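Undergrad: Protein chains in written order, with our numbering: chain A, 1 to 158; chain B, 1001 to 1755; chain C, 2001 to 2079; chain D, 3001 to 3289.
Backbone N, C-alpha and C fix where the C-beta goes; we use that ideal spot for every residue, glycine too.
These numbers were taken from a predicted model, which means no experiment stands behind them.
Structure below; questions to follow.
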Amino acid sequence: MKKSHVTTTINGEPVEFLCEPQQTLLDVLRDELNLTGSKEGCSSGDCGACSVIMDGRVVCTCLALGVEAEGRSIDTIEGMAEGETLHPLQRWFLEEAALQCGFCTPGFLVAAKALLDRNPDPTETEVRYWLAGNLCRCTGYDKIVRAVLSAGAEMRGQ
Amino acid sequence: MDGQTRDFKWIGKRTVRPDGVDKVTGRANFGADFSLPGMLVGKVLRSPHAHARILSIDTGKARVLPGVKAVITAADLPDIPSEEAHFGEDPTDFRYVSHNVMARGKALYDGHVVAAVAATSEAIAEAALGLIEVEYDILPHVLDVEDAMKPDAPLVIEDLITQGITPTPKKPSNIAKRIQYDLGDIAAGFKKADVVIKRRFTTKPVHQGYIEPHAVVASTSEDGQSLVWCSSQGHFMVRASCAKLLGLDVSQLRVMPAEIGGGFGGKVTVYQEPLAVLMSRKTGRPVKMVMSREEVFRGTGPTSGSVMTVKIGATKKGKITAAEATLAFQAGAYPGSPVGLGCMTAFAPYDLENVKTVGYDVVVNRPKATAYRAPGAPLAAFAAESVLDELAKALNIAPLELREKNAAREGTQAPYGPRFGVIGYVATLQALRDHPHYMAPLGPNQGRGIASGFWMNFGGQSSAVINVNEDGTVVVTLGHPDIGGSRASMALMAAEVLGIDITKVRAIIGDTHSIGLSDITGGSKVTFASGMAVVKAANDVTGQLRARAAMIWEVDADGVVWEDGHAVASSTNVGEFEPLSLAQIAAMAAKTGGPISGHASINAKGAGPGFGTHICDVEVDRETGRVTVVRYTAIQDAGRAIHPSYVEGQLQGGAAQGIGWALNEEYVYGDDGRLQNPGFLDYRMPVASDLPMIDTVIVEVPNPNHPFGVRGVGEVPIVPPLAAVANAIEDAIGVRMTDLPMSPPRILAALEDKL
Amino acid sequence: MVLTNELGNQFAGGETKVEVQAKNVRQLIRALEERYPGMGPELEAGMAVAIDGEIYADPFMEPIGPDSEVYFLPRIGGG
Amino acid sequence: MNAMRYEAPGSIDEVVALLAAADGTARVLAGGTDLLVQMQSGLFKPGLIVDVKKIAEATTITAEDDGFRIGAAVCGAELGEHTALKEAWPGVVEAAELIGSVQIQARASLGGNLCNASPAADSVPALIAAGAICSIAGPKGRREAPAREIATGPGKTSLRKGEIVVSIHLPAQSPRSSDAYLRFIPRTEMDIAVVGAAVSLSLDENGLCSAARVVLGAIAPTALLVAEAADALNGSPVDDAALERLATAARAACRPIDDKRGTVEYRTKVAGVLARRATGIALERARRK
């Protein structure tokens, strides 16, 4: 079966890849491009562990086709830090122990970044409803929500 | 090294976990993140029937499909004898483990593996599964524990004879085991009671719900050496299980611990790992097997569903005179439910004279039950703590006061026999009484419930190695997989004993070839047992450092002590010497005898039991039956919190799992015995917007048997929530819910019955 | 010392309170095997032992005092 | 090996041509949040996927004779960010925004939700209550059909072979009118509706209900327009008595099934409760208009 050639932008850099039409974007990121930071928890859009930001919106890559990346801009967890300096969200997740096993962490960080980009000063409830698509079984969400609120405060210069 | 009293430099600090940066940048490698050149994809074929005899399996067409490199069935695995398996787990039997990994003769549940293939791509592997023709003789099935206990019930395992009954029964049954614990005289106890409450409870199986599906990569070289990368709660357990199931020496298997994406007890056994190793040996190529979420729900162990009866009697003044429980747990397709642990823990927080607990371990046509965080205790506590609450109301005594009147203390005899040493249960009750939550006002349709929980915690085998590098930095290698942050705690303990800055300490998890045997991560034992091993290894290092300093100073080693990270002359008559830092001594290591490395391999004893008391406020929508948790506080005795953030994380995570268990999580089976909700959409675990912040209070009543007073904390937090939520619902709408989950339809029905 | 109810039924005709002379766990198991044939292997295979409140998962030579309280328990696991 | 072909044409005509030529296992891809779940779970493997996200008409919201024309592939998040649409039809927007998580919201479309024809679809009751009209393109050209006629049963639609919904038109909102949508799920997010209730209503000058539409979801093979419930409101001040009649009518209309998400008895009871509550919200919004 002839593979499709896709040109896209990942973490700000031009990327080309070949993929089967039925391959999901998640399979492409992990198996073709070795970006294993996005995780597969359910392949049905119910756990959020595979979240990336595509054209400014946080999406589940298990529910998108690799070929749909053509001409789009994708930001994965691997692109969140600027070289050596971690993004404030990454720092606050570490600072406030907002992760234990860490499997859901990439999805949470990417989703939280999309939130703060759109709503710099969210309430606790707004954070909880925005992150409702990201399942975590270790933390009970408490420290994750606090870390997002703390990072938001820092990014607002408070 | 008396670590009990003096204030600490590192213990108790909220440092960043050593594995943290890799996890927040996506670099951390979990089970499915490994791949090797020439790797094949492995897939399993699962029986679609609740109960069926396997008449024949025709793999002919599958074998010849281009790209298929191996097809295996039970015939390819040795038919191993019964043998007890011990990895710090409830004892199971290797023969049953083998049958669960690959069905032999009978497929006992919907999702039971009957064959496996390895192919050059996932698509080809999927196609190959479609070509395997299995002839089944479909048998009547049984799912419910009470139905399975009936004499005429279909037999899941034809030759299963109940243990623990004398004389030994002749007729096989689905009851694998009967267990009983007694204390005092139960009948006399109930006679002395002014008020007796008896209630029947039922619960459904629930899954651990880890977000990472099981994943393994196995690669075998021509000399028969297999390398295995997998996420599990015990890579030594994986090694031992694969060796036993495949008839190999353990040294032929090197198991590398990937980061583990949650386990909660569900990854203390093997599923695909032996199949991946076997297929890599047959093909000479690496084989990767990753479960889909549907497979995790259909094929891996939830904890037991149950039917329970609890009866408690007390005097008017609130002294419990007798407590009795009968617990029947589903074990799934093979014996081994945690009913024994349920019996031991049901009444453990209380000082009781007369106790009788009877447990039945019952096999049914469901996936084999596996441990789930304090296995058996949340169920038993749901029943016992609910009846206690009802008793308090009947006696017109506050639920907290009733617990205070009967609280277990040092010297109290546990329902399962031995007397408690130093324990902190009363301290948790006091902390609850002092907490603002206890007296906070409640709104309309709101209610408040409290409940307590216990877990004996566990020690077991643990190994640690501390290598001092030439620049004075240190690497601590451990043998237990780290899920909840144990690397952070180990680094803190090593830094404390060695007296060096935490930034100089790295903590890693060694693979099975590079560290001594260590039991599974579970039983809340890692910080306790590994901590002991790390402290012993660190003391081994400081001993060597003192000897090296003595050599440098040309004095007798006894004249040198270790203080604040330096070798110091014990007194002036030993000599006037500038203290030597660890780094200074390390720099001279070559001259003074070679690299400095501390070792410890122990069987940690003296695990301190953990107690917790939770308080929960709920609001009930009377028109739809929906329950919302509006406030939650978890209080627990940790002995000593090495890393407070991760102790809080255990309390919060356990509470959230308990709340999900109480309100919406359940396995839904059709009449055909097939699982209807194998996915996160309809297996409803709490999401972020379902929960409030979960406040925590860490009580510290040090465990005298641990250098820093540590008690295990991982499992107690899931024990109280089921009853805390049930008691809060009763307080809100005056309805005693005795069946889990307390989902909206059941609450609405109960409200209507009450009208 | 006190046997679990299960052991008592199976080997000791229902009796669970037993007086035995032994200095450590190994001697205790041997003495019990003599008095109740068949119990020894059962104890060694899968039982933990509690001596004066202390639980030992893999008992062997642990000392037992003259008036120690000893319990045999199933191995405690965890998740 | 039935490999799949993917096409992303630039115009509706190309889409129609592709679908007409397909061997029948073709599917349209907008957000894909239902389609890919079905593909991943092995339910079926389409031979052809036609992605409509490059076609302007399907991906834009335009004001049209002071109503709104919403592209069938516009995602829920975009609806939520369209203040004029949210002002006119808050019920439709909140229904679309309830579909799944934020990640799903970034992809899930009204066209997809409508054509997937799940009895529990969240946006469909609100579209029907709002009187939405679908613009359909097919081999025989364009036609229009009310949203109510699209779904004919679980997973079945009235679309003929090769037809697709290109856009959905919401009529102009009349004065003193508004709508609302509520659904019941055990958790606060992420579940499929156990029951859904959409209400749109108008008031006359002295506050009596002059027009109403009440549509229930997940209680019948398709979303159900309940005339008797609307009659309970028409001409009334939408007081408790009217709301009680509405709830009774809503319950009477229910023909739900027992499944892992809800029992017949439970869905029927909650349908009455949600219909009342949704009417209350729509009433309060209408009074403010």
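When you compare each of B:Gly1376, B:Ala1749 and B:Gly1060 to D:Glu3291 by their alpha carbons, which one comes out closest?
TA: Only positions 3001 to 3289 of chain D appear in the structure, and residue 3291 of chain D is not among them; the question remains open.
Undergrad: Please return the same chain residues whose Cβ sits closer than 6 Å to the Cβ of B:Val1620, not counting the five positions on each side in sequence.
TA: Asn1445, Val1627, Ala1732 and Ile1733
Undergrad: Would you tell me roughly how many angstroms separate the C-alpha atoms of B:Gly1299 and B:Leu1275, rounded to the nearest one?
TA: 14 Å
Undergrad: What residues in its chain sit with their C-beta under 8 Å from that of A:Gly79, if we drop five residues either side in the sequence?
TA: Ile10, Asn11 and Gly12
Undergrad: Roughly how many whole angstroms lie between the Cα atoms of A:Ala151 and A:Trp92?
TA: Here the C-alpha atom of A:Ala151 lies approximately 6 Å from the C-alpha atom of A:Trp92.
Undergrad: Flag this pair as yes or no: are the beta carbons of A:Leu65 and A:Pro21 separated by less than 8 Å?
TA: Yes. Within cutoff.
Undergrad: A:Gly107 and A:Ala49: beta carbons closer than 8 Å?
TA: yes
Undergrad: What are the partner residues of B:Gly1598, as DSSP defines its beta bridges?
TA: B:Ile1466
Undergrad: If we ignore side chains and look at the alpha-carbon of each, how far apart do D:Ala3252 and D:Gly3207 end up?
TA: Spanning the two alpha carbons is a distance of roughly 27 Å.
Undergrad: So what does DSSP say about B:Gln1584, is it helix, strand or coil?
TA: helix
Undergrad: Hey, would you say B:Asp1219 sits closer than 8 Å to B:Leu1036, going by beta carbons?
TA: For the record, residue 1219 of chain B in the displayed sequence is Ser; it is not Asp. For B:Ser1219 and B:Leu1036, yes; Cβs fall inside 8 Å.
Undergrad: What number of angstroms, rounded off, separates the C-alpha of B:Arg1487 from the C-alpha of A:Gln100?
TA: 11 Å
Undergrad: By how many angstroms is the C-alpha of B:Glu1133 removed from the C-alpha of B:Leu1139?
TA: Whole-angstrom Cα-Cα distance: 18 Å.
Undergrad: By the criterion of Cβ-Cβ separation under 9 Å, what are the contact partners of B:Thr1283 in chain A?
TA: Here the premise fails: no neighbours, minimum Cβ distance about 20 Å.
Undergrad: Sort out for me which residues DSSP pairs B:Trp1010 with in a bridge.
TA: Paired residue(s): none; B:Trp1010 is not in a bridge.
Undergrad: Along the chain, where does the alpha helix (DSSP H) that runs through A:Arg57 open and close?
TA: Element bounds for A:Arg57: not the alpha helix (DSSP H) but the beta strand (DSSP E), Arg57 to Cys60.
Undergrad: Could you have a look at A:Thr105 and say whether DSSP puts it in helix, strand or coil?
TA: helix
Undergrad: For B:Ala1638 versus B:Ile1698, is the C-beta distance shorter than 8 Å?
TA: yes
Undergrad: Are the C-beta atoms of D:Met3001 and some chain B residue less than 8 Å apart?
TA: Low local confidence applies: a pLDDT of 44 at D:Met3001 is under 50, so the model's placement there is unreliable, and no value is given.
Undergrad: In angstroms, rounded to a whole number, what distance separates the CA positions of D:Val3194 and D:Thr3188?
TA: 12 Å
Undergrad: Below 8 Å on C-beta distance, what does A:Pro21 contact in chain D?
TA: Residues of chain D passing the Cβ test: Ala3003, Met3004, Arg3005, Tyr3006 and Ile3049.
Undergrad: Rounded to a whole number of angstroms, what is the C-alpha to C-alpha distance between D:Gly3280 and B:Thr1613?
TA: 42 Å
Undergrad: Who are the Cβ neighbours of B:Gly1575 in its own chain at under 7 Å, not counting the five residues just before and after it?
TA: Trp1553, Val1555 and Ala1569
Undergrad: Would you list the residues sitting across from B:Gln1163 in a DSSP beta bridge?
TA: B:Lys1177
Undergrad: So which residues on chain D does A:Lys130 lean against when the C-beta distance must stay under 8 Å?
TA: Going by the sequence as given, residue 130 of chain A is Trp instead of Lys. Near A:Trp130 (Cβ distances below 8 Å), the residues of chain D are Val3102.
Undergrad: In terms of alpha-carbon separation, which member of A:Ala147, A:Val148, A:Asp142 and A:Arg156 lies closest to B:Ala1653?
TA: Before going on, a small fix: residue 1653 of chain B reads as Gly here, not Ala. Of the candidates A:Ala147, A:Val148, A:Asp142 and A:Arg156, A:Asp142 places its Cα closest to the Cα of B:Gly1653.
Undergrad: Would you mind reading off the limits of the alpha helix (DSSP H) that contains B:Arg1631?
TA: No alpha helix (DSSP H) holds B:Arg1631; the beta strand (DSSP E) holding it covers Val1627 to Asp1637.
Undergrad: In terms of DSSP beta bridges, what is B:Met1612 paired with?
TA: Looking at the sequence provided, one finds Gly at residue 1612 of chain B rather than Met. Per DSSP, B:Gly1453 and B:Gln1636.
Undergrad: Kindly indicate the opening and closing residues of the beta strand (DSSP E) around D:Tyr3181.
TA: Ser3177 to Phe3184
Undergrad: Should A:Pro120 go down as buried or exposed, given a rule of 16 or more other Cβ atoms within 10 Å for buried?
TA: exposed
Undergrad: Note down, in chain order, all residues in the stretch 1673-1694 of chain B with a beta-carbon under 7 Å from any beta-carbon belonging to chain A.
TA: Gly1679, Phe1680, Leu1681, Met1685, Val1687, Ala1688, Ser1689, Leu1691, Met1693 and Ile1694
Undergrad: Check whether the stretch 1388-1395 of chain B touches the stretch 1311-1326 of chain B, counting contact only when three or more Cβ pairs, one atom from each stretch, lie closer than 8 Å.
TA: yes
Undergrad: May I ask you to list the residues that DSSP assigns as paired with B:Glu1135?
TA: Within the DSSP secondary-structure output, B:Glu1135 pairs in a beta bridge with B:Ser1056.
Undergrad: Using a beta-carbon distance cut-off of less than 7 Å, what residues from the stretch 1204-1224 of chain B approach chain D?
TA: none
Undergrad: Please state the DSSP three-state secondary structure of D:Met3004.
TA: coil
Undergrad: Helix, strand or coil for B:Val1268? Go by DSSP, reduced to three states.
TA: coil
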